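Novice: The listed protein sequences correspond, in order, to chains V and H.
Under this note's numbering, residues 1 to 262 are what the first sequence spells out, in order.
Under this note's numbering, residues 1 to 471 are what the second sequence spells out, in order.
Mind looking over this structure? Questions follow.
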Amino acid sequence: MSHTTDQPSVGLFVTCLADMFRPSVAFATVKLLEAAGCRVEVPERQTCCGQPAFNSGDRKTTQDIAKTTIEAFEGFQYVVGPSGSCIGMLHHYPELFSEDDPWFARAEALKKRAFEITSFLTDVVQFEQIEAQFNGSITYHDSCSGLRELGIKKQPRQLLSKVKDLSLTEMEESETCCGFGGTFCVKYPDISNRMVSNKTQNISASGADTLVGGDLGCLLNMAGKLKREGKPVQARHVVEILAGMTDTPAIGEAEYDLGKAL
Amino acid sequence: MQIHSPEFKENARIALHNEPLQAALGQFKFGFPVNRARAIANLPEFETLRDHARDLKNHIIQNLDIYLEQFEQQVTANGGHVHWCSTAEDARQAILDICQHVGAKTVTKGKSMVSEEINLNDYLEANGIEPVETDLGEYILQLRGDHPSHIIAPAIHLNVDDVADTFHEHHHRPRSDDPQTLMKEAREVLRKKFVSADVGITGANFLVAETGSTIIVTNEGNGDLTQTLPKTHIVISSIEKVVPNLEDMSLFLRLLARSSTGQEFTVYNTLSTGPRRPDDQDGPENFHVVLVDNGRSDMVGTDFQDMLRCIRCAACMNHCPVYGAVGGHSYGWVYPGPMGSVLTPQMIGIDKSAHLPNASTACGKCQEVCPVRIPLPKLMRHWREKEFEQHLTPSTVRWGLAGWAFFAKRPALYRWLARSSAWFMRRMAGKKGRISKLPMAGGWTDWREMPAPQGATFMDQWKKRQSGDQS
Ligand code: SF4
Chain V
1 MSHTTDQPSV GLFVTCLADM FRPSVAFATV KLLEAAGCRV EVPERQTCCG
51 QPAFNSGDRK TTQDIAKTTI EAFEGFQYVV GPSGSCIGML HHYPELFSED
101 DPWFARAEAL KKRAFEITSF LTDVVQFEQI EAQFNGSITY HDSCSGLREL
151 GIKKQPRQLL SKVKDLSLTE MEESETCCGF GGTFCVKYPD ISNRMVSNKT
201 QNISASGADT LVGGDLGCLL NMAGKLKREG KPVQARHVVE ILAGMTDTPA
251 IGEAEYDLGK AL
Chain H
1 MQIHSPEFKE NARIALHNEP LQAALGQFKF GFPVNRARAI ANLPEFETLR
51 DHARDLKNHI IQNLDIYLEQ FEQQVTANGG HVHWCSTAED ARQAILDICQ
101 HVGAKTVTKG KSMVSEEINL NDYLEANGIE PVETDLGEYI LQLRGDHPSH
151 IIAPAIHLNV DDVADTFHEH HHRPRSDDPQ TLMKEAREVL RKKFVSADVG
201 ITGANFLVAE TGSTIIVTNE GNGDLTQTLP KTHIVISSIE KVVPNLEDMS
251 LFLRLLARSS TGQEFTVYNT LSTGPRRPDD QDGPENFHVV LVDNGRSDMV
301 GTDFQDMLRC IRCAACMNHC PVYGAVGGHS YGWVYPGPMG SVLTPQMIGI
351 DKSAHLPNAS TACGKCQEVC PVRIPLPKLM RHWREKEFEQ HLTPSTVRWG
401 LAGWAFFAKR PALYRWLARS SAWFMRRMAG KKGRISKLPM AGGWTDWREM
451 PAPQGATFMD QWKKRQSGDQ S
């Protein structure tokens, strides 16, 4: 691989869920970034963005994890990840330090360089050459943190509109929380269940055959519920579609679910 | 009101299985939120007004003492009296004293959440004074021995049948389930009370420092009768309701009506400025304002100061998916929904109300609609920090967190944890792409499948790919 110096250097923030559950999401992100002319590296020293600690009120642990992340990504022009929620968390880092703490400036610097993938492709590098094809109708769930903390709404739609043969049908209440909420879904399971049930109802009612979103947490939650309800809707992360990497089984499915084993 | 916030989880579980309640809540989201959206679409400067309102409120909070003193001077100059009450108990006592001083037997009441906060009705009753709620919703609740489940639509958890039964039982008239008939019935009963009441108690949406006026906004007009017919009018208000002048008040009124019910303006906007003057045609002879602090001034200068901007419009709960699932009573005290999840811990203690700021996905919808831009999710998180600092967080959560954090701070170990978890879950899933029952994750798998990991972690695959590239 030859690198030219005018290529934007991007540190990939993998996110725990992509790392563990769905590496194809991280590979799709790399593919898109490279197609957009970026030089992508994956810093070894990254772990989690720290949300579990942040949302549980454990400020000290959150600070420690934030420092690990800040250090891991110093030196990259950009930090890009396939999650509005985790990148949104990186944007919270400055709140963790007082303004006279040297970490505050470092956190601010990270915040300025950290982007969710669809927003990076559209707002930062104005990448338009999506060369994917997807045979099917999709509906898009706007995950809360991406939507409200980072203003991600039109970016994924703009990119998806370039995918050949794809049709997008909006569901009712696409901006309403799916009930995942990190630890919320296991701390308050029956409330979470009500929220995700409302969501799967709206997903089905849209008539789309694939649910698409930008955050794996929400997608695991909704896909898990769709499967439990026996609904035939598949779920995929938006980057899989944009990168044309839809030959892997959808979320919560195995090869034979797709009939390939037959 | 008794505190049931520690039982939030159980309350919520019961609420989720209460079918009439669920039917009511299911309708709810098609009402206020839809009307609000329409109203703000017709007001292009809405976002600018929100900024002004936020800034103005911040200014007021910084100068709370100055505006409150100005308000008191004006009330006094108009011939009224101001009572400063730092606790709920002080406020109850002040009101009882006024009532007893004028020999009151019956008091009519307009809708006031502060009176719920200080538990006024029970106190008056215990002292031989009959309080009569005159807001239709509050009246129904009072007959039922119930409490508001919403700050502007107190009886939203009830349906017409509930009301028909209640009226039939208490009014001793033939049962009707026609809303118009029920309304007429309530009106007839309440008319008599309005005329015979010795004291009228109302809340206040705002207090105007420059003129010493208080204002209530209602859609029923009951507040007007409550405050003009009896000889004595008591206004009960919390201290943060003060605004500098009438013009500032109108800014908030424009935001309030649109944010809460989606009206451009509430139907009745009634100002009270002191007692009746010699040539006034009506009005009370005595005018009292009971100012309640009850922990609010303690919030100034803390992480929770922003909460004092709240104008009680209810937009946050109208749009909250958790409120929409469990209703207001689940929160277990006076103030439900996101604003309650911030305010309640301040008033009854985080030890008794820790569930409230935790039972949120931090989806941010409340902040998105709050007319004074209160960062409600952030404030809820601050309460979680207080909970954690005070070691109130359940030990399972603390230990789980500590265990996870140990790995999350050590990248190499974290790789190992991800690798083994992925491996384990793959095993559990077998040939299926998902797991139906996962030990220690019942919260998840009781309700949904757990999608299985694809295989090796990304970090492992990436490493392999990189070394492959180089070889
Ligand atoms: S917190 Fe905001 S949205 Fe909620 S009641 Fe108060 S002003 Fe209205």
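Ideal Cβ placement from N, Cα and C applies to all residues, glycine included.
For clarity, every value in this text was computed on a predicted model and none was experimentally measured.
For a test of the three-state rule: what should DSSP assign to S9 (chain V), helix, strand or coil?
Specialist: Here residue 9 (chain V) refers to the residue found at position 9 when the first sequence is read from its first residue. Three-state DSSP puts S9 (chain V) in a strand.
Novice: Thinking just about the alpha-carbon of each residue, which of V:T200, V:V124, V:S56 is nearest to the one in H391 (chain H)?
Specialist: Position 391 of the second sequence, counted from the first residue, corresponds to residue 391 (chain H). When only C-alpha atoms are compared, the closest one is V:S56.
Novice: Whose C-alpha, out of H:S213, H:A452, H:A24, H:G443, is nearest the C-alpha of A155 (chain H)?
Specialist: Start at 1 with the first residue of the second sequence, and residue 155 (chain H) comes out as number 155. Considering only alpha carbons, the answer is H:A24.
Novice: What are the residues in the region 216 to 235 of chain V lying within 9 Å of chain H by C-beta distance?
Specialist: Within the region 216 to 235 of chain V, the qualifying residues are L219, L220, N221, M222, A223, G224, K225, L226, K227, R228, E229, A235.
Novice: Apart from the five residues just before and just after P148 (chain H), which ones in its own chain have a Cβ nearer than 8 Å to its Cβ?
Specialist: To locate residue 148 (chain H), count along the second sequence from 1; it is residue 148. The residues are M113, E116, G137, E138, L141, P154, A155, G328, V334.
Novice: Quickly, what does DSSP pair I66 (chain H) with across the bridge? List them, please.
Specialist: Walking along the second sequence from the start, residue 66 (chain H) turns up at place 66. According to DSSP, I66 (chain H) bridges with nothing at all.
Novice: When you compare only the Cα positions, how much space is there between F252 (chain H) and A53 (chain V)?
Specialist: Residue mapping note: residue 252 (chain H) aligns to position 252 of the second sequence, counting from 1. Residue mapping note: residue 53 (chain V) aligns to position 53 of the first sequence, counting from 1. In a straight line, the C-alpha of F252 (chain H) is about 37 Å away from that of A53 (chain V).
Novice: Can you tell which of V:L242, V:V212, V:F21, V:A66 has the C-alpha that lies nearest to the C-alpha of K162 (chain V)?
Specialist: In the first sequence, residue 162 (chain V) corresponds to position 162, counting from 1. Nearest of V:L242, V:V212, V:F21, V:A66 to K162 (chain V), Cα basis: V:L242.
Novice: Y414 (chain H) CB to nearest chain V CB: under 8 Å?
Specialist: Along the second sequence, one-based indexing puts residue 414 (chain H) at 414. Yes, contact with chain V.
Novice: Output the distance between the C-alpha atoms of S86 (chain H) and F97 (chain V), rounded to the nearest integer angstrom.
Specialist: Here residue 86 (chain H) refers to the residue found at position 86 when the second sequence is read from its first residue. Here residue 97 (chain V) refers to the residue found at position 97 when the first sequence is read from its first residue. Each residue's Cα considered, the two are about 35 Å apart.
Novice: With 16 as the cutoff for other CB atoms within 10 Å, does F424 (chain H) come out buried or exposed?
Specialist: On the second sequence, position 424 is the one that residue 424 (chain H) refers to. F424 (chain H) comes out exposed.
Novice: Whole alpha helix (DSSP H) runs in the region 9 to 78 of chain H with 4 or more residues, listed along the chain?
Specialist: Complete alpha helix (DSSP H) runs here, min 4: 19 to 28, 32 to 41, 46 to 62, 64 to 77.
Novice: Is the shortest distance between the beta-carbon of K432 (chain H) and the beta-carbons of chain V less than 8 Å?
Specialist: Along the second sequence, one-based indexing puts residue 432 (chain H) at 432. Output row for K432 (chain H): interface = yes.
Novice: Would you verify that the beta carbon of E149 (chain V) is, or is not, closer than 8 Å to some beta carbon of chain H?
Specialist: Within the first sequence, the letter at position 149 stands for residue 149 (chain V). Taking Cβ atoms only, chain H reaches closer than 8 Å to E149 (chain V), which makes this a yes.
Novice: Are the C-beta atoms of S119 (chain V) and some chain H residue less than 8 Å apart?
Specialist: On the first sequence, position 119 is the one that residue 119 (chain V) refers to. No, S119 (chain V) lies away from the interface with chain H (no Cβ there is under 8 Å from its Cβ).
Novice: Would you call the region 153 to 162 of chain V and the region 193 to 204 of chain V touching, i.e. three or more CB-CB distances under 8 Å?
Specialist: They do not touch, by the three-pair rule.
Novice: Answer yes or no: does any C-beta atom of chain H fall closer than 8 Å to that of R39 (chain V)?
Specialist: Translated into positions along the first sequence, residue 39 (chain V) becomes position 39. No, R39 (chain V) lies away from the interface with chain H (no Cβ there is under 8 Å from its Cβ).
Novice: Taking the alpha-carbon positions, what's the A104 (chain H) to V290 (chain H) distance?
Specialist: Mapped onto the second sequence, residue 104 (chain H) falls at position 104. Mapped onto the second sequence, residue 290 (chain H) falls at position 290. Each residue's alpha carbon lies about 17 Å from the other.
Novice: Please indicate yes or no: does the CB of I61 (chain H) lie closer than 7 Å to some heavy atom of ligand 1?
Specialist: Here residue 61 (chain H) refers to the residue found at position 61 when the second sequence is read from its first residue. Checking every heavy atom of ligand 1 against the Cβ of I61 (chain H), none is found closer than 7 Å.
Novice: Over the uninterrupted alpha helix (DSSP H) stretch that includes Q367 (chain H), give me the two end residues.
Specialist: Indexing the second sequence from 1 puts residue 367 (chain H) at position 367. From DSSP, the alpha helix (DSSP H) with Q367 (chain H) extends over 365 to 369.
Novice: Could you tell me the alpha carbon to alpha carbon distance between A235 (chain V) and A362 (chain H), rounded to whole angstroms?
Specialist: Here residue 235 (chain V) corresponds to residue number 235 of the first sequence, with the count starting at 1. Here residue 362 (chain H) corresponds to residue number 362 of the second sequence, with the count starting at 1. Rounded to the nearest angstrom, the two C-alpha atoms are 23 Å apart.
Novice: Give me the subset of the region 38 to 58 of chain V whose CB atoms are less than 8 Å from a CB atom of chain H, sorted by chain position.
Specialist: Hits within the stretch, in order: V42, E44, R45, Q46, T47, C48, G50, P52, A53, F54, N55, S56, G57, D58.
Novice: Mind checking whether S137 (chain V) and A223 (chain V) have CB atoms under 8 Å apart?
Specialist: Here residue 137 (chain V) corresponds to residue number 137 of the first sequence, with the count starting at 1. Here residue 223 (chain V) corresponds to residue number 223 of the first sequence, with the count starting at 1. Contact: no.
Novice: Name the DSSP beta bridge partners of H233 (chain H), please?
Specialist: Residue numbering aside, residue 233 (chain H) sits at position 233 when the second sequence is read from its first letter. H233 (chain H) is bridged to H:G200, H:F287.
Novice: Here's the rule: buried if 16 or more other CB atoms are within 10 angstroms of the residue's CB, otherwise exposed. What is L271 (chain H)?
Specialist: Position 271 of the second sequence holds residue 271 (chain H). With fewer than 16 Cβ atoms within 10 Å of its Cβ, L271 (chain H) is classed as exposed.
Novice: Counting contacts by CB-CB distance shorter than 8 Å, is G136 (chain V) in contact with chain H?
Specialist: Taking the first residue of the first sequence as 1, we reach residue 136 (chain V) at position 136. Not one chain H Cβ lies under 8 Å of G136 (chain V).
Novice: Applying the criterion that 16 or more other CB atoms from any shown protein chain within 10 Å of the CB defines a buried residue, is I66 (chain H) buried or exposed?
Specialist: One-based indexing of the second sequence puts residue 66 (chain H) at position 66. I66 (chain H) should be labelled exposed.
Novice: Under three-state DSSP, which class holds M222 (chain V)?
Specialist: Indexing the first sequence from 1 puts residue 222 (chain V) at position 222. In this structure, M222 (chain V) counts as helix in the three-state DSSP scheme.
Novice: What residues from chain V crowd round D306 (chain H), counting only those whose CB sits closer than 9 Å?
Specialist: Here residue 306 (chain H) refers to the residue found at position 306 of the second sequence. In chain order: nothing, as chain V lies at least about 14 Å away.
Novice: Could you list which residues in chain H have their beta carbon closer than 9 Å to that of C86 (chain V), in chain order?
Specialist: In the first sequence, counting from the first residue as 1, residue 86 (chain V) sits at position 86. Here the premise fails: no neighbours, minimum Cβ distance about 13 Å.
Novice: In this structure, what does DSSP give as the bridge partners for Q234 (chain V)?
Specialist: Locating residue 234 (chain V) in the first sequence gives position 234, where the first residue counts as 1. Q234 (chain V) is bridged to V:T210.
Novice: Going by the CB atoms, is the gap between A359 (chain H) and D190 (chain V) shorter than 8 Å?
Specialist: Locating residue 190 (chain V) in the first sequence gives position 190, where the first residue counts as 1. Locating residue 359 (chain H) in the second sequence gives position 359, where the first residue counts as 1. Their beta carbons are not under 8 Å apart, which means D190 (chain V) does not touch A359 (chain H) by this criterion.
Novice: Can F32 (chain H) and H355 (chain H) be called in contact, C-beta distance under 8 Å?
Specialist: On the second sequence, residue 32 (chain H) is found 32 positions in, with the first residue counted as 1. On the second sequence, residue 355 (chain H) is found 355 positions in, with the first residue counted as 1. Cβ distance not < 8 Å, so F32 (chain H) and H355 (chain H) don't count as in contact.
Novice: Can V369 (chain H) be considered in contact with ligand 1, in the sense that its beta carbon sits closer than 7 Å to one or more heavy atoms?
Specialist: Here residue 369 (chain H) is taken as the residue at index 369 of the second sequence, counted from 1. Within the cutoff, so yes.
Novice: Have a look at A412 (chain H) and A418 (chain H) and give me their C-alpha separation to the nearest angstrom.
Specialist: As a working note, residue 412 (chain H) is residue 412 in the second sequence. As a working note, residue 418 (chain H) is residue 418 in the second sequence. For A412 (chain H) and A418 (chain H), the distance between alpha carbons rounds to 10 Å.
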